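At position 402 of the sequence shown the residue is numbered 464 (this note's numbering), and the sequence of numbers has no breaks.
Just so it is clear, CB atoms sit at the ideal spot from N, CA and C, and this is done for glycine as well.
If you're wondering where the values come from, they're calculated on a predicted model, not measured in any experiment.
Inspection log for the structure reproduced underneath, given as structure tokens.
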Amino acid sequence: MDTAHDDVVVGIDMGTTATKVVAYRTDGRAVAEASHGYPLDEPVPGHAEQDPRDILDAVYRGVRDVVGAVGAEHVRGVSFSSAMHSVMALDADGQPLTPVVTWADTRAAEEAARIRDSGAGLALHRRTGTPVHPMSPLTKLVWFRAHEPELFARAATWAGIKDWVLLQMCGSLVTDHSLASASGLMDIHRLAWDDEALDLAGITDAHLPVLVATRHILDGITPEARKATGLDLETPVVVGAGDGPLANLGVGAVRSGVAACSVGTSGALRVAVDRPSVDPMGGVFCYALTEDRWVIGGAINNGGVVLDWVRAELASGEAGLSTAQLLDEAMTVPAGSGGLLMLPYLLGERAPRWGGVARGAYVGLTRSHRRAHLVRAAVEGVALQLTLVLQSMRQADLDISEIRATGGVMKHQIWRQTLASAFGDAIGFPESPEGSGFGAALLGMEALGLIDSIDVAADMVPVADVTAPVRGDAEVYAELRPVFERLYAALLPANVTLQDIASRLPLAH
63 MDTAHDDVVV GIDMGTTATK VVAYRTDGRA VAEASHGYPL DEPVPGHAEQ
113 DPRDILDAVY RGVRDVVGAV GAEHVRGVSF SSAMHSVMAL DADGQPLTPV
163 VTWADTRAAE EAARIRDSGA GLALHRRTGT PVHPMSPLTK LVWFRAHEPE
213 LFARAATWAG IKDWVLLQMC GSLVTDHSLA SASGLMDIHR LAWDDEALDL
263 AGITDAHLPV LVATRHILDG ITPEARKATG LDLETPVVVG AGDGPLANLG
313 VGAVRSGVAA CSVGTSGALR VAVDRPSVDP MGGVFCYALT EDRWVIGGAI
363 NNGGVVLDWV RAELASGEAG LSTAQLLDEA MTVPAGSGGL LMLPYLLGER
413 APRWGGVARG AYVGLTRSHR RAHLVRAAVE GVALQLTLVL QSMRQADLDI
463 SEIRATGGVM KHQIWRQTLA SAFGDAIGFP ESPEGSGFGA ALLGMEALGL
513 IDSIDVAADM VPVADVTAPV RGDAEVYAEL RPVFERLYAA LLPANVTLQD
563 IASRLPLAH
């Protein structure tokens, strides 16, 4: 079905640090966009929270900006993407009792370890597709039940941030199969809440939003949302999906064997399949894109956030020094950073081990290392961690013949070259860098009958550039990879002890 030349679907991508809103025509062309940020609060070590009202405000402001540019009469619908693994408590009126507890929150590390050690963890992982890890809403609910029982008892509903935004915007409390598949609470084989997981969390399905398909359409918005956004009251709202699966769609990685690698604040590798499954060892996740399209892969906690920390702590005294200049400086150092490795676990870590205790470290540091070595080692640490995810996916018998990459950090050549050399494979960089937001718009177009199928993404997102591995660099990273991998286990006892000590010490005076 064709639409008028200027008609658009608006993709709303609710990320960890900002919400980006983009209006797309059905030929894939972006015609208007806006972005509004918000803080990630860390009130105590291990907690990573956000004010849901800040995120709702960013959504409304972004949509209002875009609608003002294209005209409400040209908006055929809006569709959502959201960061995964968030959870918040709501009272009986749908008002927040807690901040949004994000994927980066590690407060439930002990609860996750206890579930894994009980022997129930792997079976839960295989049924729900979600590793038993502090990131998952399941383990966070177990934490709230144990540590904040009064609040836990007051909670009428536990929901993700997108669920709450849709409640405010459309008046319906629903959650899509994609985000539910990342909660640790839904049986991915039955598309229903998992009784054992609910029992473990101490809730019933009455405490959760209604499960709906990712292509489910909510008919219209509330008067409050109309006033805040400028959209027509009758604007269809497609519920959408999680940002990880939608990133595959947004870069055209929807065909068998084509993997999507995204590196933003965090990072991930995913490949699309037509039925849900988890490898026997539980090294990968399995999340829904649609009810007949799934993505299998692994996510890492630490992507561009590592470089943000490096810049803030290693270059804070140099006013005007940009991140790009720091990376240019790092490119003067050969691959391997002079024998320096960085374990980039500033926010803990997820794939492929899914353990709750991981801390960052520089290993091999000597007096001869300069700032450029430390910066390059940070980039290499992120790349090496992603190679472990790729290795785990291949061990799960996933055929990966092509890799497409996207994400804000990929604008700089050092990230592109390091990743290609660490993988030992060429990486394609799509012409459109939007990823999840474009994926949300495409899913919305299919739901609204504006395109025949999301499979058009494979042809709609051409690869604009290919970066091949540098042979010598690839050999260096192949030699460093097993050393890097062994350091996780080698430092684990020390990190467990340090975490315990840190929990009893103030972070600052």
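For Gln453, there are no CB contacts under 6 angstroms within the same chain when 5 residues up- and downstream are skipped. Looking at the DSSP output, Glu464 bridges to Val320. Looking from the CA of Glu286, the closest CA among Leu554, Val300, Cys232 and Gly422 belongs to Cys232. As computed with DSSP, Glu95 is found in a beta bridge with Val84. Judged by DSSP secondary structure, Ala361 falls within the beta strand (DSSP E) whose first and last residues are Arg355 to Ile362. Ala120 and Tyr100 have their C-alpha atoms some 8 angstroms from each other. The three-state secondary structure of Gly73, taken from DSSP, is strand. Taking one beta carbon from each stretch, the region 406-423 and the region 432-447 have 3 or more pairs nearer than 8 angstroms; the two touch.
Bounds of the alpha helix (DSSP H) holding Val538 are Arg533 to Ala564.
Using a Cβ distance threshold of 8 angstroms, Ile283 and Val300 do not count as a contacting pair. Counting along the chain, the unbroken beta strand (DSSP E) around Ser141 starts and ends at Val137 to Ser144.
Looking only at His187, Leu460 and Ala530, the smallest Cα-Cα distance to Phe485 is reached by Ala530. By the CB criterion at 8 angstroms, Ala309 and Gly183 fall outside the cutoff.
The bridge partners DSSP lists for Leu280 are Val299. Using a 10 angstroms sphere on the CB of Ser243, the tally of other CB atoms reaches 16 or more, which defines it as buried. Within the same chain, and ignoring the five residues on either side of Pro307 in sequence, the residues whose Cβ sits closer than 6 angstroms to its Cβ are Ser240, Tyr349, Leu351 and Val357. Restricted to the region 425-450, not a single alpha helix (DSSP H) segment is unbroken, complete and at least 4 residues in length. Taking all protein chains shown into account, Glu541 has fewer than 16 neighbouring C-beta atoms within 10 Å of its C-beta and is therefore exposed. If you draw a straight line from the Cα of Leu504 to the Cα of Ala519, it is about 8 angstroms long.
The Cβ atoms of Ile462 and Ala321 sit closer than 8 angstroms to each other. Taking every protein chain shown into account, the CB of Met150 has 16 or more other CB atoms within 10 angstroms, so this residue is buried.
Three or more beta-carbon pairs drawn from the region 188-206 and the region 159-173 are found closer than 8 angstroms, and the two stretches are therefore classed as touching.
Going by beta carbons, Ser143 and Asp305 fall inside the 8 angstroms limit. Spatial neighbours of Arg277 in its own chain (CB-CB distance under 7 angstroms, excluding positions within 5 residues in sequence) are listed in chain order as Val300, Thr352, Leu505, Glu508 and Ala509.
In the DSSP secondary-structure assignment, Trp220 is bridged to Ala151.
Ranking Leu481, Glu537, Tyr539 and Gly497 by CA distance to the CA of Val523 puts Gly497 first. For Thr529, there is no enclosing alpha helix (DSSP H); the enclosing beta strand (DSSP E) has its first and last residue at Val525 to Thr529.
For Arg543, the CB contacts under 7 angstroms within the same chain, skipping 5 residues up- and downstream, are Leu446 and Thr449 in chain order. Taking all protein chains shown into account, Leu560 has fewer than 16 neighbouring C-beta atoms within 10 Å of its C-beta and is therefore exposed. In this model, Asp249 and Ile265 are separated by some 15 angstroms (Cα to Cα).
Sorting Arg432, Val84, Ser318 and Arg178 by C-alpha distance to the C-alpha of Ala96 places Val84 at the top. For Glu111, the three-state secondary structure derived from DSSP is strand. For a cut-off of 8 angstroms, the C-beta gap from Gly73 to Gly469 is around 16 angstroms, too long to register as a contact. Counting the other CB atoms within 10 Å of its CB gives Met343 a total below 16, which places it among the exposed residues. Within the region 150-206, the runs of beta strand (DSSP E) that reach at least 3 residues and sit entirely inside it are, in chain order, 150-152.
Counting only runs that start and end inside the region 215-272, the beta strand (DSSP E) elements of at least 3 residues fall at 219-221 and 236-238.
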